[in-house]
Amino acid sequence: MKSTKSESAQKWGLRWHLLFYVLGNLAQVIVWWIYNPDHFFWPLWSIVFWGIGLAFHYWSVYSPPKSNTQY
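Just so you know, we're using the numbering used here here: the sequence shown kicks off at 258 and counts up by one.
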């Protein structure tokens, strides 16, 4: 489903999403590293699942538009 937002606005939204993904996960890795580096690397869950959401966002912005043919 394509949004009514312009292509430029969609790309900017993706860039902001990517920026917050990197900064948010970097902050979590730093907290993990400072407080408990000897334990399980718990930021992995955020990196993986937020990354899946980011991949879907990328796909929605850069996927080719569907044709409007009726069957």
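We treat Cβ as the ideally placed atom computed from N, Cα and C, and that holds for glycine.
Taking the C-beta atoms as reference points, residue 271 is found nearer than 9 Å to residue 314.
A Cβ-Cβ contact shorter than 9 Å links residue 299 with residue 285. In terms of Cβ geometry, residue 267 and residue 303 do not form a close pair [threshold 9 Å]. Per DSSP, reduced to three states, the secondary structure at residue 299 is coil, with no helix or strand assignment. Distance between residue 263 and residue 288, taken at the CA atoms: about 37 Å.
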